[in-house]
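Residues 1 to 724, numbered by UniProt numbering, are exactly what the sequence shown covers, in order. Just so it is clear, CB atoms sit at the ideal spot from N, CA and C, and this is done for glycine as well. Nothing here was measured: the structure is a model prediction, and the numbers come from that model.
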Amino acid sequence: MSTEKPAYEFLDPPSRAGELGRLGPYRIVGVLGKGGMGEVFRATDGRLKRTVAVKMMNKKFAGTTGSRKRFVEEARSMAAVHHDNVATIFEVGVHRGMPFLAMELLKGQSLFEKIKADKSAGQRFDYVDAIRIAREVAMGLGAAHACGIYHRDIKPANIWLEEPSGRAKILDFGLAVAGTDRLTPRGSVVGSPGYLSPEQARNEPVDDRTDLYSLGVMLYQMLSGTLPLRSDTMTGQLIAIICQDFVPLATVAPQTPAPLCELIERLLSKEARDRPSSATQLVKLIDDCEQRCSAEHQAAMQIVVGPTTAGKAKATDSSVSRTRVDVTSKVRLIPWWAYSIAGLLVLAIMVAWVASPNRIASVPNPVDSTSNRSDVSRRRVDAVPVKQAVITAASLASLELSPVNASSLQVTGGEAARFKMRLINRASGDADDPRQLNAGADVVAQLVTYLVPADGKRLKAPVFPRKFSASSLPQPGESDEFEIQILTDRIAPTQYKIVFELQTPGGTVVGQSNSNLAVEENLMTSELLGYQTLRTADGRGADTYVSSTSDESFGDRHIVQGFQGPDGSIMVQEHIYLRFDLAKCKFDRKEIDRVILLLTVAQHGEVDAENKFVAYGIVQGLDSGWTESGPGYLTWSQSPLREGVESQTLLGAVQFMNRDNRLKDQADQIRISGTAFDDFLRTSRDDRVTIALVRQSRSSKRTYFRSKEGRPSESPGLAIRQRQ
């Protein structure tokens, strides 16, 4: 073991040459970058033999126990977000009192670096690329927001453009969360000044729509080369964000299609309520925007390069003039001078073609809408054909695709199914090495995934195609492992055969590997179509709670509450009891297919920590006719769970976060289901069934749900579906 001191005090001494130090199993070998929230290092994981990025929390934010704890908790929550547009976090921990996280090491560049390079070259983003990046960032945000996590610092420096695919990935969720108002002094503003939302600038509570505003700022900058609102001072910047209007994007970037201008203006609304309601809705709006932009682009191109004949040469000038005026009055896609240039180019090409003694009949290649307009113009002017190398299946014959494992053979709809794959290069030398045979090609192979249900109809899986450049392929005799994630939120629940095909860029199959996937119905988020809902307010239903420290009657309250005090406190417990009248069910309970317990969170209560509840079916120790109020009302001393839960039936559990009290009065958002729940109701001997809820998470705050005395329509319910 080396006695050399580490370059950083929070690291252990290095054990070999070339190391900056050690952090547990990680060999820290270099510095990747520094930021206001922490430092990023290049490291090698000695356990899995992979290179990772390790981020250490800045001392400023790690100064208190509370801030370190929250960083770790939030980063672990973020590690549970698995999405192709969010950087993957492998591990979260604390070393020598300093929180850290290990994440995938990405190849490519940040969006900030891309914008900076384009600006130096006098270029701007093509609107097609801007739409693609916007969609991918919105999809990543949607996955995080679904877990109750807001980024709060969306900006180009926190968006990574992966090579060679160009896919956008959101970075620094964990570090951004560490800078929330809970960890910073009152009156401070967290975030990058140019990308702050008005509510951040006012130091008000924020929600997921704050991230959408910052995304709008980023899009405005990508297309115009400048921020929508700028000031030389921090105070001036905050005032501008709160009070001033930005110059319309159509004015500073007239090449931007009108539908995209309108969408960005909506994202930059001063009031959060005027923005898209969620990242999921934004994805739909982006898709609609893309279709409208494409329609405008095609219409404009048809006008610019429409049919021209020699017989109409005399009318060319007036025709172009009329076309220019008409189009610019409706479409902001192409500036007026483009029509004149395009008309002259078309005329010049026709003259050259007519004059050429070796002309041959040909069909012009369609214009790629994803290309930069300056590149399109240059290709039209040069008119020089560029020979593109064709990647053949024979040149990839040495590649072998095989599965490593399938960690998600069975998932619930909405979860990502993850499959580990291995790509092996069996080449014996340069003569059959795909890397050498296709050297210089941007994309030499792609992995395409298909779903095959029982009817045999092959469907393209909702997964990003994995693309490989020549340099990214493994060396001869070596292999690389990677993960394929299949998104299941829009897949019908059933059994699937999964087909992974290694293809050439043109679609020729080189190799194939198969697996199986079972997607189960997601009862936690699905619409309750075909279900009958019974409430505690129906028939002989009842709801109450009991307390280990009181014999008071709580049955006439507008809420029911669960509680288990924090560690080290006097043991106080409060259990919830619900009774449902199955006589109100429209069909025999033996015909029950699925059952879902529905709960509506009431105001106040635990909003900062995790809530975990376990449901038990009461089978003994309590008369089915118990009363919630009046003579003989249910108390702790009479409750069947006072001595434990061993004799009752475990039905299921639920965990949820109620950040910023967002679940308040969201009807039936908390759900518990499972086969044990289905069997319990199906085999019940009494029309009246009792379900008890026990909070397992410890906290100094209670969790409240609506009762039948509060809002009968939001009282605890059982959604029941009949077996078909």
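Chain-order list of residues whose beta-carbon lies under 6 Å from that of residue i (same chain, five-residue window excluded)
| i | result |
| --- | --- |
| ARG42 | VAL29, GLY30 and LEU32 |
| CYS261 | LEU249 and ALA250 |
| LYS119 | GLY225 |
| LYS155 | SER192 and TYR195 |
| ARG466 | LEU447 |
| PRO453 | THR494 and TYR496 |
| ASP433 | ALA427 and PRO476 |
Terminal residues of the beta strand (DSSP E) in which residue i lies
| i | result |
| --- | --- |
| ASP679 | Counting along the chain, ASP679 falls outside any beta strand (DSSP E), though it belongs to the alpha helix (DSSP H) covering 675-682. |
| LYS107 | Premise fails: LYS107 is in no beta strand (DSSP E) and is neither H nor E. |
| ARG580 | Looking at the sequence shown, residue 580 is not Arg but Phe. Its beta strand (DSSP E) spans residues 573-581. |
| PHE173 | Segment 173-177 is the alpha helix (DSSP H) holding PHE173; no beta strand (DSSP E) there. |
| GLU552 | Careful: GLU552 lies outside any beta strand (DSSP E) and carries neither H nor E. |
| ALA53 | 50-57 |
| ALA492 | From DSSP, ALA492 is part of no beta strand (DSSP E); its letter is neither H nor E. |
| THR251 | Premise fails: THR251 lies in the alpha helix (DSSP H), 249-252, not in any beta strand (DSSP E). |
| ALA518 | 509-520 |
Inter-residue Cα distance where the pair is residue i and residue j
| i | j | result |
| --- | --- | --- |
| ASP556 | GLY652 | 27 Å |
| VAL510 | PRO13 | 48 Å |
| ARG702 | ASN611 | 9 Å |
| ARG662 | VAL206 | 11 Å |
| TYR8 | ILE239 | 40 Å |
| ARG706 | LEU599 | 7 Å |
| GLN291 | GLY166 | 21 Å |
| GLY674 | LEU267 | 40 Å |
| GLN221 | ARG275 | 18 Å |
| VAL40 | ASP172 | 10 Å |
| LEU219 | THR235 | 24 Å |
| PRO99 | VAL54 | 11 Å |
| HIS558 | LYS708 | 7 Å |
| GLU574 | VAL137 | 43 Å |
| TYR26 | LEU622 | 56 Å |
| ILE592 | GLU521 | 16 Å |
| ALA157 | ALA134 | 15 Å |
| VAL546 | ARG685 | 25 Å |
| ARG711 | ASP687 | 24 Å |
| LEU105 | VAL52 | 5 Å |
| TRP626 | ASP45 | 59 Å |
| GLN436 | GLN410 | 40 Å |
| ASP317 | THR508 | The pLDDT assigned to ASP317 is 36, lower than 50, so where the model puts this residue is not dependable; a value taken from the coordinates is nonetheless given after this. Roughly 48 Å separates the two Cα atoms. |
| SER639 | ASP660 | 33 Å |
Residue environment, residue i, which counts as buried when at least 16 other CB atoms sit within 10 Å
| i | result |
| --- | --- |
| residue 764 | Limits of the chain in this structure are 1 at one end and 724 at the other, which puts residue 764 out of reach. |
| GLU643 | exposed |
| GLY482 | The residue asked about is misnamed: residue 482 is Phe in this sequence, not Gly. Looking at its Cβ environment, which holds fewer than 16 other Cβ atoms inside 10 Å, PHE482 is exposed. |
| GLN666 | exposed |
| ALA394 | exposed |
| ILE720 | buried |
| LYS169 | buried |
| ASN516 | exposed |
| ASP543 | buried |
| CYS293 | buried |
| GLU646 | exposed |
| LYS330 | Confidence at LYS330 is low in this model, with a pLDDT of 33, below 50, so the placement of that residue is unreliable and no value is reported for it. |
| GLU478 | exposed |
| ARG535 | buried |
| CYS243 | exposed |
| PRO474 | buried |
| GLY142 | buried |
Close-in-space but distant-in-sequence residues of the same chain around residue i (CB under 7 Å, 5 per side omitted)
| i | result |
| --- | --- |
| SER321 | Because the pLDDT at SER321 is just 31, under 50, the model does not fix this residue reliably, and the value given afterwards should be weighed accordingly. Closer than 7 Å at Cβ, skipping near neighbours: no residue. |
| LEU223 | ARG124, PHE125, TYR127, ALA130, LEU249, ALA253 and THR256 |
| LEU528 | ALA719 |
| VAL404 | LYS420, MET421, ARG422 and GLU481 |
First and last residue of the uninterrupted alpha helix (DSSP H) at residue i
| i | result |
| --- | --- |
| GLY236 | 234-243 |
| GLU535 | For the record, residue 535 in the displayed sequence is Arg; it is not Glu. Taken as a continuous stretch (DSSP letters only), ARG535 belongs to no alpha helix (DSSP H), being part of the beta strand (DSSP E) at 531-535. |
| LEU447 | Where LEU447 is concerned, there is no enclosing alpha helix (DSSP H), although the beta strand (DSSP E) it sits in stretches over 445-452. |
| MET139 | 127-145 |
| ARG266 | 258-267 |
Residues of its chain near residue i, where Cβ-Cβ distance is below 8 Å and the 5 sequence neighbours each way are ignored
| i | result |
| --- | --- |
| GLY539 | ASP581, ALA583 and LYS584 |
| ARG373 | At ARG373, the pLDDT of 35 sits below 50, so the modelled position is not reliable and the matter cannot be decided from this model. |
| VAL72 | VAL92, GLY93, VAL94 and PRO99 |
Inside the region 183-231 only - alpha helix (DSSP H) runs reaching at least 4 residues: Correct list: 198-201 and 208-224.
Secondary structure, alpha helix (DSSP H): runs of 4+ residues fully inside the region 395-441: You should have 434-437.
Those runs of the beta strand (DSSP E) which lie wholly inside the region 619-659 and span at least 3 residues: Entirely contained in the region 619-659, the beta strand (DSSP E) runs reaching 3 residues are, in chain order, 649-657.
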